[in-house]
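First up is the structure itself, then whatever we jot down about it.
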Amino acid sequence: MNSLKNSFMRFKRSPAFTGFVLFMIAIIMNLIIRGPGNFFGASSLGTLFAKNAPIILVTLAQAVLLITGTLDISIGIQLALVNVVVIMLPQELGMSVPVAWIFGILAALAISAVGGFLVAVLRVPSILATFALTYVIKGINVLIMNVPQGSVPKEYYGAYDTVLFGFLPVAALIIVGVLLMWMFVKRTKFGKHIYAVGANPRNAFAAGINPTKTIMKAFLFKGLITGIAGISLTLMLAAGNPLQVEGYGLRSLAACIIGGLGFGGWGSMSCAVFGAGFLVLIQNAVYYFFNFLQDILTGFQITSYWQNFISDAIVLLGLLMTTVTAKAQKETLKQGLSRQLKRGEKFAKQ
Amino acid sequence: MVKVRKFMRQSPAAMTFIIAILLLIVTFVVRPNSFNKNTFGSIILLTMLLSFASAGQTLVLIGGGLDFTVGAVMSSAAVITTFLMQGQDGNLLLVLLIVLALGAIVGVINGAACIKIGLPPMIVTIAISNLIAQAQYLFAADGKSLGYAGPALIKSVSYKIGGFLPAIVLYAIVIWGIMFYLLNRSVYGKQLYLVGDNKDAAKLSGIKVNKIILLSYIFSGILSAFAGMLGAAYMTVVSAQVFDNYAFQSLIAVIVGGTALSGGVGTYSGSIAGALMMTVLSNGLTALALADPIKNISYGIIMILLLFAYNRSSAVRQ
């Protein structure tokens, strides 16, 4: 019983706790509004994952950068870049779809390399550099595809939408795949460098880590995940659109911070997962809640503008609430560290 | 080259002004038929408008923060102005009060979120601007506003004195005067510079840091709202999110005017010069009649070059 309590205390102090609480609140809201049967049914879970895999993946990518203390607000429009590349290459050049996917990922890597160059090498503040990059990417997208068009062969988007074994959506597998990638990277030297550079670049440099190279590599890793997310988006939409999902940049940022990732060198991917889950589930809950109200109260019309407004307001509230707890956690971490250092000195003096 | 760098460091405002004039000359050389009264009139008007929007941003940046809500507040103020005025001048004063109150409220939310909750200002102001952008659609059906600004207000902005000078410069005398007083002559201004330079040192020397920062956000909200109202008069018909890109534009204008992202330095004259440069740049790109995507790409690349020249974090290796 005591060890259970200890592990709960440890979990409470972990970075993912705040995100976890909010995520649970969002799940409970969904269960209340839709009923467990409806919510956990295969088709409803399948649609949930299929529709939202892009934003979840993009949040995971953004998390990598946030841990290093940088960010990329152009990550949304980069999805559109991958989307137009993946659609136009088979359409205009007759390339096969899987090869086009590779080029899509390469496009994401290339633009991330540019972003990484601006932030890591030229040392332009990441918020400004990536904001400016948004304009460039928008222009490139429209040059590649000037009007929304295109299609995806049915076998591909059909495969994306299926639910294996009755309960495992393919989209969820993609997310799990990226998470496994992260778990592998976290255990490498590069993974440790990401945390070190994010916490204090100067100290990391003094310890022999090269912040420029680490941030550059982090941007490339983010580019890889963005490429996968772009392919997910293409499969979900089965069409192309050069100027879509620009807002994913801001939303992935908000999701990460809701999950507790607001500080550099702190947090884990589970923060991002919970944050993205909260965002997605809140939108889901608001949507179904208003549908429910419309069914019950005859003549109750609510425009999608109100739905957007309310779910954005809840997101803002989530943001405001979490950082209170996240600050407390960071304080605990700092105190713990200082206590450890002091104890070490005591031993040294002896 | 070294001399140019030294000049740039010493007086970024003057440097920006020179670059702006050079860009203007280049535009006239490439497109000689843009050298007329209308072009000058519209450049002056847009520069004034951007300088008003950048006024609040200057204050916030000097204090060490960031305000992304400038664009959203401007757009909301414009939508509300046209919505409430409905083409009549009658309730001008009331509309002014409502709009300024809206700006102040947003400023309070921004400031409170940054100070009390300790969120990084960039994140919270972006989220709030997103929310305000959504809220505009509640006022404007399908994004188009439901009315026009009153004729007297429109005239006070767009009437061309002597045939080419837009009357908006009269507003500039007031606003620029307020800004120069705030930054250079008032105690608040001095304290703002200190807070932006080193928050902890300022707190230790007895400055009420939280109050200073909160006030900077409130000023920013009020100034942006006022700019939005004037913008509504300029555009006559506004749609939702019409001025949203002023957030980024004001930020760049302030930064190339010599105010650092980290705070503690900067002048309003720099922001005015920055506003001129941004307007000339926009005008130049339009005058070149480039296709939209090429315009976007050039705009982004030039932004990046300017950011590189004007604002870089210090190197880790020292």
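First to last, the protein sequences are chains W and V. Counting in my numbering, the first sequence runs without a single skipped number right up to 454 at its last residue. Counting in my numbering, the second sequence runs without a single skipped number right up to 1056 at its last residue. The C-beta atom is built at its ideal place from N, Cα and C for all residues, glycine as well. Computed from a predicted structure; not experimentally measured.
- Contact between the region 825-838 of chain V and the region 951-964 of chain V is present: three or more C-beta pairs spanning the two stretches fall below 8 Å.
- In chain W, no part has a C-beta under 9 Å from the C-beta of M1015(V); the shortest such distance is about 15 Å.
- Look at Y1037(V): its C-beta is under 8 Å from a C-beta on chain W.
- Rounded to the nearest angstrom, the gap between the Cα atoms of S780(V) and G809(V) is 20 Å.
- Taking 9 Å as the upper bound on Cβ-Cβ separation, chain W lies near residues F986, L989, I990, I993 of the region 983-996 of chain V.
- Nearest to G934(V) by alpha-carbon distance, out of I1039(V), A791(V), T997(V), is T997(V).
- Taking 8 Å as the cut-off, the Cβ atoms of I179(W) and G353(W) count as close.
- Straight across, the Cα-Cα distance linking K941(V) with W914(V) is about 29 Å.
- Apart from the 5 residues on each side of it in sequence, V168(W) sits with its Cβ closer than 6 Å to the Cβ of A322, F325, K326 in its chain, given in chain order.
- Checking the DSSP bridge columns, you'll see G379(W) has no partner listed.
- If you check the CB distance, D416(W) and L869(V) come in under 8 Å.
- Within the region 854-894 of chain V, complete alpha helix (DSSP H) segments of at least 4 residues are found at 859-877, given in chain order.
- For F221(W), no alpha helix (DSSP H) run applies, since DSSP gives it neither H nor E.
- One Cα belongs to G1004(V), the other to V811(V), and the distance between them is close to 23 Å.
- For the set L193(W), I132(W), F271(W), M113(W), the Cα lying nearest the Cα of T338(W) is the one of L193(W).
- Using a Cβ-Cβ cut-off of 8 Å, F766(V) does not count as an interface residue toward chain W, since no Cβ of chain W sits closer than that to its own.
- With its beta carbon less than 8 Å from one in chain V, V240(W) belongs to the interface.
- Within the region 209-243 of chain W, L222, L226, R227, V228, P229, I231, L232, A233, F235, A236, L237, T238, Y239, V240, I241, K242, G243 place their CB atoms closer than 9 Å to a CB of chain V, listed in sequence order.
- Taking L1044(V) as the centre and dropping the five residues before and after it, the same chain places the C-beta of I990, V994 closer than 7 Å to its C-beta, in chain order.
- In this structure, the beta-carbon distance from T292(W) to G364(W) does not fall below 8 Å.
- Pairing S792(V) with V992(V), the inter-Cα distance amounts to about 6 Å.
- L272(W) has L268(W) as its beta-bridge partners, per DSSP.
- Membership of K949(V) in the alpha helix (DSSP H) is indicated by the continuous run 947-973.
- Under the 8 Å criterion on CB atoms, L999(V) is classed as interfacial with respect to chain W.
- Listed along chain W, the residues sitting closer than 7 Å to A851(V) by beta-carbon distance are L424.
- Proximity of I1032(V) to chain W, defined by a Cβ-Cβ separation below 8 Å, is satisfied.
- Here the alpha carbons of A851(V) and S814(V) stand approximately 20 Å from one another.
- In this structure, F153(W) places its C-beta atom within 8 Å of the C-beta atom of A276(W).
- CA-to-CA, the gap between G1008(V) and T754(V) works out to about 7 Å.
- Looking from the CA of A300(W), the closest CA among I319(W), G351(W), V282(W) belongs to I319(W).
- Around A130(W), the same chain offers F382, L385, I386 as residues with beta carbons nearer than 6 Å, after the five sequence neighbours per side are excluded.
- Taking C-beta atoms under 8 Å as the contact rule, V895(V) and L968(V) qualify, at a distance of about 5 Å.
- Under a criterion of Cβ atoms nearer than 8 Å, no residue of chain W is adjacent to Y919(V); the nearest Cβ is some 29 Å distant.
- Cβ neighbours of T172(W) within its own chain (closer than 6 Å, five residues either side excluded): I298, V301, G302, I319, A322.
- Contact check between the region 260-270 of chain W and the region 126-145 of chain W: fewer than three CB pairs, one atom from each, fall below 8 Å, which does not count as touching.
- Under the three-state reduction of DSSP output, Q253(W) falls in the strand class.
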